[in-house]
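Asker:
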Amino acid sequence: MVSTIVLALLLGTAYSWPTRTQLHEQFHHTTIESGTYPTTHPGSLPPIYNGTIPGHNGTHNGTHGNSTGVSWLPSTEKVRGVNLGSQFIIEPWMAYDEFNSMGCGELNDEWQCVKKLGQDEADAVFEKHWDTWITQQDIVDIASQGLNVVRIPVGFWMKEDLVLEGEYYPRGALKYLDRLVGWAADEGLYVIMDLHGGPGAQYPNQQFTGHGVDTPGFYTPENYERAVVFLEWMTHRIHSNTNYRTTGVLGVMNEPVHASDYPDEAADMLENFYPAAYTRIRAMERSLGVRPRHHLKIQYMGDAWGAGDPTSFLPANATGLLFDDHRYYKWDTDVEQTKEGYVSAACGDDRGGNSVIIGEWSLAISDEYQSEPEFAISGNETDIAAQKEWYQSFWAAQVQNFEQSAGGHIFWTYKCNYVGGIEEWRWCYQYAVAEGVIPDDVSSAVSLSPCS
Numbered sequence: 001m002v003s004t005i006v007l008a009l010l011l012g013t014a015y016s017w018p019t020r021t022q023l024h025e026q027f028h029h030t031t032i033e034s035g036t037y038p039t040t041h042p043g044s045l046p047p048i049y050n051g052t053i054p055g056h057n058g059t060h061n062g063t064h065g066n067s068t069g070v071s072w073l074p075s076t077e078k079v080r081g082v083n084l085g086s087q088f089i090i091e092p093w094m095a096y097d098e099f100n101s102m103g104c105g106e107l108n109d110e111w112q113c114v115k116k117l118g119q120d121e122a123d124a125v126f127e128k129h130w131d132t133w134i135t136q137q138d139i140v141d142i143a144s145q146g147l148n149v150v151r152i153p154v155g156f157w158m159k160e161d162l163v164l165e166g167e168y169y170p171r172g173a174l175k176y177l178d179r180l181v182g183w184a185a186d187e188g189l190y191v192i193m194d195l196h197g198g199p200g201a202q203y204p205n206q207q208f209t210g211h212g213v214d215t216p217g218f219y220t221p222e223n224y225e226r227a228v229v230f231l232e233w234m235t236h237r238i239h240s241n242t243n244y245r246t247t248g249v250l251g252v253m254n255e256p257v258h259a260s261d262y263p264d265e266a267a268d269m270l271e272n273f274y275p276a277a278y279t280r281i282r283a284m285e286r287s288l289g290v291r292p293r294h295h296l297k298i299q300y301m302g303d304a305w306g307a308g309d310p311t312s313f314l315p316a317n318a319t320g321l322l323f324d325d326h327r328y329y330k331w332d333t334d335v336e337q338t339k340e341g342y343v344s345a346a347c348g349d350d351r352g353g354n355s356v357i358i359g360e361w362s363l364a365i366s367d368e369y370q371s372e373p374e375f376a377i378s379g380n381e382t383d384i385a386a387q388k389e390w391y392q393s394f395w396a397a398q399v400q401n402f403e404q405s406a407g408g409h410i411f412w413t414y415k416c417n418y419v420g421g422i423e424e425w426r427w428c429y430q431y432a433v434a435e436g437v438i439p440d441d442v443s444s445a446v447s448l449s450p451c452s
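One point on numbering: in UniProt numbering, the residue at position 425 of the sequence shown is 425, and numbering is uninterrupted.
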């Protein structure tokens, strides 16, 4: 279905952009697949403690149905999580075998895959992927390992009427997202919903955007609008569908451009997109009658990312903010390329306090040194046992520091297959646990940490 806004964009005709109220009215009545927005009652749920599901008391009888109060971690707990990468935005660098089995092994991203296969065939192969990449047993395993959060990267195209003619994205993922967050809630896991792929692509030549482009096209009023409408829609869904009862954080845009590379685009985003996202998420919650204590946490990339101060143009009374920090020592050229250097950097980091979550990190080493004898994890001459012992200490150093200097950590990523032709447990949490590199209880990090 093509909306009036989209038709105007396609035809190049004049269009009077709708007010916030008009937009709400438009997309509240949009059907999803064969139905409408769920308006289920949250019912009576057990308390959060002892790993059970958080309780919610957000029932609201009004024109939008019965909204669900959502919940987030108690302030006394640190985030300990994993990303569910490549579930809804496949990144072939970490899921090549999967992408190849879908008939797209030679391609770069989802856009190219859909364009090659055609919409109907692409929808079918992507549906199989969504149904099998992250399973219910995976979620059970994640919860059993002492983790309390999953971060789910999604693309704007999950709201299918935002996709323009001539754009190539798979359709039909929403029911699998609904199922996945329901599994997480059943296991007592909290969810960060992260807008990972923006309209026009927010960063150049990155598979995580769903469409690798040389020039990022996100930084226009039209694409800001599409992203904000997505965020409003997702806010509505989170508060209206009890599967999302533990989805407590909404990330407005993953990894936008750096101000050092794209100063005009970064500045425009800070001034125009960021405040619009905040204001309209909160307006949606007010329209649903959601009590402030059940408001979503709204997450922006923090100062350390390099796009600028995300709060520069937010309302002075903005509340419920969190900040995302991606800390990959692999790409930090200031880190001494020795085992001692990596551990020293991890132990000495200051990441900004409890409002900052390390939303992505790994055990990966710089490209130049990752296969050298000091760091290699495969090969006939490699002492695998000794390497695993060191990588475990590197893991523990990061975990301990991220919990001391920030609000917690979310490993990138839970599942991948044969990165660089090997079972690459430096990127894959599932492999790392199976190989004994990461303990099956994250709380053991303190006793294993080499940090003083």
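C-beta atoms are modelled at their ideal positions from N, C-alpha and C, and glycine is treated no differently.
Between the Cα of lysine 339 and the Cα atoms of Ile89, Phe218 and Tyr391, which residue gives the shortest distance?
Answerer: Tyr391
Asker: Report the partner residues of threonine 247 according to the DSSP bridge assignment.
Answerer: Beta-bridge pairing links threonine 247 to Val191.
Asker: Name, in chain order, the residues that DSSP records as bridge partners for glycine 308.
Answerer: In the DSSP output, where bridge partners are listed per residue, glycine 308 has none listed.
Asker: Could you have a look at alanine 406 and say whether DSSP puts it in helix, strand or coil?
Answerer: strand
Asker: Return the chain-ordered list of same chain residues with a C-beta closer than 8 Å to the C-beta of lysine 297, the five sequence neighbours on each side being excluded.
Answerer: Trp72, Gly248, Val249, Leu250, Gly320, Leu321 and Leu322
Asker: I'd like the span of the beta strand (DSSP E) that includes isoleucine 298, first residue to last.
Answerer: 297-301
Asker: Which stretch, first to last residue, makes up the alpha helix (DSSP H) that contains histidine 236?
Answerer: 221-240
Asker: Under three-state DSSP, which class holds aspartate 268?
Answerer: helix
Asker: If you draw a straight line from the C-alpha of phenylalanine 99 to the C-alpha of asparagine 317, how long is it?
Answerer: 45 Å
Asker: Using DSSP with H/G/I as helix, E/B as strand and the rest coil, what is isoleucine 152?
Answerer: strand
Asker: Give me the Cβ distance between leucine 314 and tyrosine 274, rounded to the nearest whole Å; I'm assuming they're in contact under 8 Å.
Answerer: Beta-carbon to beta-carbon, leucine 314 and tyrosine 274 are separated by about 7 Å, close enough to satisfy the 8 Å threshold.
Asker: List the endpoints of the continuous beta strand (DSSP E) containing leucine 322.
Answerer: From DSSP, the beta strand (DSSP E) with leucine 322 extends over 321-326.
Asker: Should alanine 434 be labelled buried (16 or more other beta-carbon atoms within 10 Å of its own) or exposed?
Answerer: exposed
Asker: Which two residues bound the contiguous beta strand (DSSP E) that contains glycine 81?
Answerer: 79-83
Asker: Based on the DSSP output, what are the partners of glycine 353 in its beta bridges?
Answerer: Answer is Ala406.
Asker: For valine 163, write down the residues that DSSP places opposite it in a beta bridge.
Answerer: For valine 163, which the question treats as bridged, DSSP gives no partner whatsoever.
Asker: DSSP three-state call for serine 447: helix, strand or coil?
Answerer: In the structure shown, serine 447 sits in a helix (DSSP, three-state: H, G or I).
Asker: Taking the straight line between their C-alpha atoms, what separation do you get for tryptophan 233 and aspartate 268?
Answerer: Straight-line spacing of the CA atoms in tryptophan 233 and aspartate 268 works out to 23 Å.
Asker: What is the DSSP secondary structure of glutamate 127, reduced to helix, strand or coil?
Answerer: helix
Asker: Give the range of the alpha helix (DSSP H) segment to which alanine 184 is assigned.
Answerer: 174-186
Asker: Given that a residue counts as buried once 16 or more other Cβ atoms are within 10 Å of its Cβ, and exposed if not, what is tryptophan 331?
Answerer: exposed
Asker: Considering only their Cβ atoms, is the gap separating asparagine 83 from isoleucine 410 smaller than 8 Å?
Answerer: Yes.
Asker: Could you check what DSSP says for glutamate 389 in three-state terms: helix, strand or coil?
Answerer: helix
Asker: Does the beta-carbon of aspartate 109 have 16 or more other beta-carbons within 10 angstroms, so that it is buried, or is it exposed?
Answerer: buried
Asker: Would you mind giving the Cβ-Cβ distance between tyrosine 81 and valine 181, rounded to the nearest angstrom? I have them listed as a contact below 8 Å.
Answerer: In the sequence as presented, tyrosine is not what sits at residue 81; that position holds glycine. Their Cβ separation, rounded to whole angstroms, is 14 Å, which puts glycine 81 and valine 181 out of contact at 8 Å.
Asker: Please report the Cβ distance between phenylalanine 208 and glycine 197, rounded to the nearest whole angstrom; I am assuming they are in contact, meaning their Cβ atoms lie under 8 Å.
Answerer: 7 Å
Asker: When DSSP builds the beta bridges, which residues end up paired with phenylalanine 411?
Answerer: Val82
Asker: Taking the continuous alpha helix (DSSP H) assigned at arginine 286, which residues delimit it?
Answerer: 274-287
Asker: Just mark alanine 385 as buried or exposed, buried being the case when its beta carbon has 16 or more other beta carbons within 10 Å.
Answerer: exposed
Asker: In the DSSP assignment, find the unbroken alpha helix (DSSP H) run with lysine 100 in it and report its ends.
Answerer: This sequence places asparagine at residue 100; lysine is not what is there. Per DSSP, asparagine 100 belongs to the alpha helix (DSSP H) from 96-101.
Asker: Which of the three DSSP states is assigned to isoleucine 134 in this structure?
Answerer: coil
Asker: Over the uninterrupted alpha helix (DSSP H) stretch that includes glycine 105, give me the two end residues.
Answerer: Element bounds for glycine 105: n/a, residue is neither H nor E.
Asker: Quick check on DSSP: helix, strand or coil for isoleucine 365?
Answerer: coil
Asker: So, do the region 300-311 and the region 279-287 have three or more beta carbon pairs nearer to each other than 8 Å?
Answerer: no
Asker: From this set, Asp325, Leu117, Glu106 and Tyr176, which residue's C-alpha is nearest aspartate 349's C-alpha?
Answerer: Asp325
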